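Chemist: The structure follows.
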Amino acid sequence: MSSNALEIRELKREFVMGSETVRALKGISFTVEPGEFLTIMGSSGSGKTTLLNILGCLDKPTMGDYLLDGVDVKKLNRDELAQLRNHKIGFVFQAYNLLARTSALENVELPLLYNKDIGPGERRDRAMEALKAVKLDNRFDHMPNQLSGGQQQRVAIARALVNQPVMILADEATGNLDSRTSYEIMALMQELNVNQGKTIVFVTHEPDIAAFSSRTIQLRDGIIQKDTKNENRKSAKEMLANLPATDDYNI
Amino acid sequence: MNIANLFRIAYRALLRNKLRAFLTMLGIIIGVAAVIAMVAIGQGSKQSIHDQLSSMGTNMLTVQPASNLPGGVRIAGTSFQTLTIKDIVALKNHPQYITDISPSVTSRGQAINGPLNWPTSITGVAPEYLNIRKLSVKDGIVFTDNDVLTSAKVCLIGQTVVDNLFPNGENPIGKVIRFGHIPFQIIGILSPKGFNTFGQDQDDILLAPYTTVQKRILATIYYSNIYASATSEDMTDQAMAEITEKLRATHRLRDSEDNDFTVRSQQELIATLSSTSGLLTVLLTVVAGISLVIGGIGIMNIMYVSVTERTKEIGLRMSIGARGKDIMMQFLLEAILISITGGIIGVVLGFISTWVVTATLGWPTIISESSVALSFFVCAITGIFFGYYPAQKAAKLDPIEALRYE
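Quick mapping for you: the protein sequence lines, in order, are chains Y and C.
Heads up: the first sequence at position 162 corresponds to 148 in my numbering, and the numbers run straight through without jumps.
Heads up: the second sequence at position 197 corresponds to 488 in my numbering, and the numbers run straight through without jumps.
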């Protein structure tokens, strides 16, 4: 059982809004094995964001169990959740959420600053390693405003990788990018998934992004509508190669 | 979470927005600089007031004869004759809290220079009298102990006497005038002191050796007063006790008997002095308090705005593993760094502005170490105190809400 990256059993989440109780998640169960590339899809109001918050250990379920890498999230307090996020989850956001006026390297170092077991030397080495993994090893000292949207998102991915998490949790990570850059990011994600065996949970509402993953969960009204393995997974790299080359976008 | 990392985080966060950090510091900088400069100016003027008042002889003590008769018709103390050479000898015998001692005898009369005359009084004193009363000689010399021994017919005269007896601007030094029937040679002119607080002309004065006045004018062995200086103004009470004790012994008074003399100090001057310095201290404390509160409120203001403005950053930090207390420590450290840096800049600015005040306005200033240390530490503490609430607000943010904040 504990070989699963994450395991969810009969998960429910209810919000009390005044006199009403909103049931955002009405009992969800699934497991994710290490090395899976899962996309969670759903229209707005489907409970997608609520599930993402719970998966990211930012929120706790009202009922049901959530085990992340064998750790029962329910038993943890606020500080322990923070530590769990620090050690086991790498977040990638739609709006990148990089610290302004802070170099790419320092942005990537950030999660390790909150990990007391890692010294300054190791912190720097691992941040440089992570930036190399997203092919930004020539952009260490660039500030976010000196980077393109795609590059900023790659810095964010490096930041998600640097603490060697159990899972990378991406929230509409391509939502702010044009299709070419989206494919570049997806190609990077696929590479991390296939070559380095990273577990990725990708929340999106774009079906063509879901096509790059190995499995898709479709949410609707707080329950799982569909849970399908993606048999013919598309390669983002090939899609990228097939895009018409535009003159004004060459480096 | 180790403190070095938190320090690094806070430091980087401040560097990321230098202007905001500087604006926050401004209150503290001005506060500390103002306290240092104000205290320096205050101390300087206090010192100069002190010096001025001291020049009026704040440590002067006066002994007057008095009645020790419990009943009957009381007579004015000055008409008693109790102070003699024995008292002077006793007081000069190993004095502890007294420095200068001088007897004094006074006689009113007419000072005459040829056809001109002027009603004034002659005071017979010892040379120490000039020290006690902070008098000085403008021209000429002071009579000596030898003049006292020989009852020499020499005198020092005040400016008013000079103006009335020598109206044509001739040099009075060496001239002989008469006081009553006795001729006196003028050997010095006293520096003018003007009128005192009671409207008496302090320059309408003629000083001669006390023996001369005693023997040649009054024919008495008694003194009308004894003047003395306490070693310092703070020692006045001890000096008074010492005089009382010694005089009681020479007058052979029994314990049951009252003093046949009174000792007076310049309490009014001393009171003025301490009330002046007390007022300055209160004033400066108020100024210091106001500026520090303003500095503190400045920090709190900007930290609050900063927490709101950086909600998203806080959300991000929390999502990647910062605990509430890490966020709290970050903001608290930022506040501390701001107030300490501001404090250091403020100290430097305080020194510079003090120097500028002295150089341009010529005001006396004294920078006191305690004001530097105090304002610096109070500022640091204000920073922590006023930084605490915004820091706590930041720490209590919900990461989900904070991340979605626009």
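In this text, a Cβ means the ideal position worked out from N, Cα and C, and glycines have one as well.
Remember, predicted model here, so these are calculated numbers, not experimental data.
(1) When Cβ atoms are compared, which residues of the segment 109 to 125 of chain Y fall closer than 8 Å to chain C?
(2) By the 9 Å beta-carbon criterion, what residues does the segment 77 to 92 of chain Y contribute toward chain C?
(3) Any idea what DSSP makes of S523/C, helix, strand or coil?
(4) Taking only three categories from DSSP, how would you classify M129/Y?
(5) What did DSSP end up calling M(-13)/Y once you bin it into helix, strand or coil?
(6) Does K102/Y come within less than 8 Å of chain C when only Cβ atoms are used?
(7) With A685/C and G606/C assumed to form a contact (beta carbons below 8 Å), what rounded beta-carbon distance in angstroms separates them?
(8) Counting beta carbon pairs with one atom in the segment 501 to 516 of chain C and one in the segment 387 to 397 of chain C, are three or more of them shorter than 8 Å?
(9) Can you tell which of S582/C, T535/C, L407/C, N384/C has its C-alpha closest to the C-alpha of N459/C?
(10) Assuming G400/C is part of the beta strand (DSSP E), what are its boundary residues?
(11) What is the residue span of the beta strand (DSSP E) that L117/Y lies within?
(12) DSSP on I496/C, reduced to helix/strand/coil?
(13) With a threshold of 8 Å between beta carbons, is R64/Y in contact with chain C?
(14) Would a C-beta distance cut-off of 8 Å place E(-4)/Y and R9/Y closer than the cut-off?
(15) Could you check whether I585/C and G318/C sit closer than 8 Å to each other, using their CB atoms as the reference points?
(16) Could I get the ranges of all uninterrupted beta strand (DSSP E) runs contained in the segment 544 to 623 of chain C, with 3 residues as the minimum, in chain order?
(17) Where Q621/C and D45/Y are concerned, what is the direct C-alpha to C-alpha distance, given to the nearest angstrom?
(18) Is the number of C-beta pairs between the segment 214 to 231 of chain Y and the segment 42 to 58 of chain Y that are closer than 8 Å three or more?
(19) Taking D45/Y as the query, report the chain C residues whose CB atoms sit under 8 Å from its CB, ordered along the chain.
(20) Using 8 Å as the limit for Cβ to Cβ distance, is A267/C near chain Y?
(21) Against R166/Y, what residues of chain C qualify as contacts under a CB-to-CB distance less than 9 Å, listed in chain order?
(22) Near L178/Y, what residues of its chain come up, given a Cβ to Cβ distance below 6 Å and the 5 sequence neighbours on each side ignored?
(23) Could you have a look at A10/Y and say whether DSSP puts it in helix, strand or coil?
(24) In this structure, does DSSP put T414/C in helix, strand or coil?
(25) Check the Cβ-Cβ distances between G248/Y and every residue of chain C, and say whether any is below 8 Å.
(26) Could you check whether the Cβ of R307/C sits closer than 8 Å to any Cβ belonging to chain Y?
(27) Nearest-angstrom Cα distance between S32/Y and A312/C?
(28) Does N101/Y pass the burial test, meaning 16 or more other C-beta atoms within 10 Å, or should it be called exposed?
(29) At the level of alpha carbons, what is the spacing between I340/C and R555/C?
(30) Nearest-angstrom Cα distance between I321/C and D436/C?
(31) Whole angstroms is fine: what's the gap from T649/C's alpha carbon to P655/C's?
(32) Establish whether the CB of E604/C and some CB of chain Y are separated by less than 8 Å.
(33) Evaluate L570/C with the Cβ neighbour count: other Cβ atoms within 10 Å of its Cβ, from every protein chain shown; 16 or more gives buried, anything less gives exposed.
(34) What does I300/C reach in chain Y if we use C-beta pairs closer than 9 Å?
(35) Of all the CB atoms in chain Y, is at least one closer than 8 Å to the CB of N592/C?
(36) Do D391/C and A519/C have their C-beta atoms closer together than 8 Å?
Modeler: In short:
(1) Going along the segment 109 to 125 of chain Y in chain order, one finds no residue with a Cβ nearer than 8 Å to chain C.
(2) Close to chain C, meaning a Cβ-Cβ distance shorter than 9 Å, are the following residues of the segment 77 to 92 of chain Y: F77, F79, A81, N83, L84, L85, A86, R87, T88, E92.
(3) Here residue 523/C refers to the residue found at position 232 when the second sequence is read from its first residue. In this structure, S523/C counts as coil in the three-state DSSP scheme.
(4) Indexing the first sequence from 1 puts residue 129/Y at position 143. In the structure shown, M129/Y falls within a coil segment according to DSSP collapsed to helix, strand and coil.
(5) As a first step, residue -13/Y is located in the first sequence; it is residue number 1 there, counting from the start. Residue confidence for M(-13)/Y is low, a pLDDT of 43 falling below 50, so the modelled location carries little weight; the figure read from the coordinates is stated next. M(-13)/Y carries a coil assignment under DSSP once its states are collapsed to helix, strand and coil.
(6) What you label residue 102/Y is simply residue 116 of the first sequence in a count that begins at 1. K102/Y counts as touching chain C.
(7) On the second sequence, residue 685/C is found 394 positions in, with the first residue counted as 1. On the second sequence, residue 606/C is found 315 positions in, with the first residue counted as 1. Approximately 10 Å separates the beta-carbon atoms of A685/C and G606/C; this is outside 8 Å, ruling out the contact.
(8) At 8 Å Cβ cutoff, the stretches touch.
(9) Counted from its first residue, the second sequence places residue 459/C at position 168. Residue L407/C is the option with its Cα nearest to N459/C.
(10) For the purposes of this step, residue 400/C is taken as residue 109 along the second sequence, with counting starting at 1. Looking at the DSSP string, the run of the beta strand (DSSP E) that includes G400/C is 389 to 404.
(11) To locate residue 117/Y, count along the first sequence from 1; it is residue 131. Boundaries around L117/Y are those of the alpha helix (DSSP H), 106 to 119, since no beta strand (DSSP E) includes it.
(12) For the purposes of this step, residue 496/C is taken as the residue at position 205 of the second sequence. The answer is coil: DSSP assigns I496/C none of H, G, I, E or B.
(13) Here residue 64/Y refers to the residue found at position 78 of the first sequence. Answer yes: the Cβ-Cβ gap between R64/Y and chain C drops below 8 Å somewhere.
(14) Taking the first sequence and counting its residues from 1, the one referred to as residue -4/Y is at position 10. Taking the first sequence and counting its residues from 1, the one referred to as residue 9/Y is at position 23. When the beta-carbon positions are compared, E(-4)/Y and R9/Y stay at least 8 Å from each other.
(15) Translated into positions along the second sequence, residue 318/C becomes position 27. Translated into positions along the second sequence, residue 585/C becomes position 294. Result yes, Cβ atoms of G318/C and I585/C sit closer than 8 Å.
(16) Counting only runs of 3 or more, we get 552 to 556.
(17) To locate residue 621/C, count along the second sequence from 1; it is residue 330. To locate residue 45/Y, count along the first sequence from 1; it is residue 59. Q621/C and D45/Y: Cα-Cα distance of roughly 23 Å.
(18) Not touching, per the Cβ criterion.
(19) By one-based count along the first sequence, residue 45/Y stands at place 59. Neighbours of D45/Y in chain C, taken as residues at a C-beta separation under 8 Å, are given in chain order as I691.
(20) Chain C is shown from 292 up to 697; residue 267/C falls before or after that span and cannot be answered.
(21) In the first sequence, the residue the question calls residue 166/Y occupies position 180. Neighbours of R166/Y in chain C, taken as residues at a C-beta separation under 9 Å, are lacking, since the least C-beta distance is about 27 Å.
(22) Counted from its first residue, the first sequence places residue 178/Y at position 192. If we look at L178/Y and ignore the five residues flanking it on each side, its Cβ neighbours are K184.
(23) Here residue 10/Y is taken as the residue at index 24 of the first sequence, counted from 1. Correct three-state label for A10/Y: strand.
(24) On the second sequence, residue 414/C is found 123 positions in, with the first residue counted as 1. Here T414/C sits in strand by DSSP.
(25) What the structure shows of chain Y is the stretch from -13 to 237, and residue 248/Y is not part of that stretch, so it cannot be assessed.
(26) The count along the second sequence starts at 1 and reaches residue 307/C at position 16. Yes - at least one Cβ of chain Y is within 8 Å of the one on R307/C.
(27) Numbered from its first residue, the first sequence carries residue 32/Y at position 46. Numbered from its first residue, the second sequence carries residue 312/C at position 21. Each residue's Cα considered, the two are about 44 Å apart.
(28) Reading the first sequence from its first residue, position 115 is the one you call residue 101/Y. By the 10 Å Cβ count, N101/Y comes out buried.
(29) For the purposes of this step, residue 340/C is taken as the residue at position 49 of the second sequence. For the purposes of this step, residue 555/C is taken as the residue at position 264 of the second sequence. When the Cα atoms are used, I340/C and R555/C turn out to be separated by approximately 23 Å.
(30) The residue given as residue 321/C occupies position 30 in the second sequence. The residue given as residue 436/C occupies position 145 in the second sequence. If you take the alpha carbons of I321/C and D436/C, they lie about 59 Å apart.
(31) Taking the second sequence and counting its residues from 1, the one referred to as residue 649/C is at position 358. Taking the second sequence and counting its residues from 1, the one referred to as residue 655/C is at position 364. So the two alpha carbons sit approximately 6 Å from each other.
(32) Counted from its first residue, the second sequence places residue 604/C at position 313. Contact of E604/C with chain Y is assigned, a C-beta pair being separated by under 8 Å.
(33) Here residue 570/C refers to the residue found at position 279 when the second sequence is read from its first residue. Flag for L570/C reads exposed.
(34) Residue numbering aside, residue 300/C sits at position 9 when the second sequence is read from its first letter. Result: L96, L99, Y100.
(35) Position 301 of the second sequence, counted from the first residue, corresponds to residue 592/C. Cβ-Cβ to chain Y under 8 Å: no for N592/C.
(36) By one-based count along the second sequence, residue 391/C stands at place 100. By one-based count along the second sequence, residue 519/C stands at place 228. Their beta carbons are under 8 Å apart, which means D391/C touches A519/C by this criterion.
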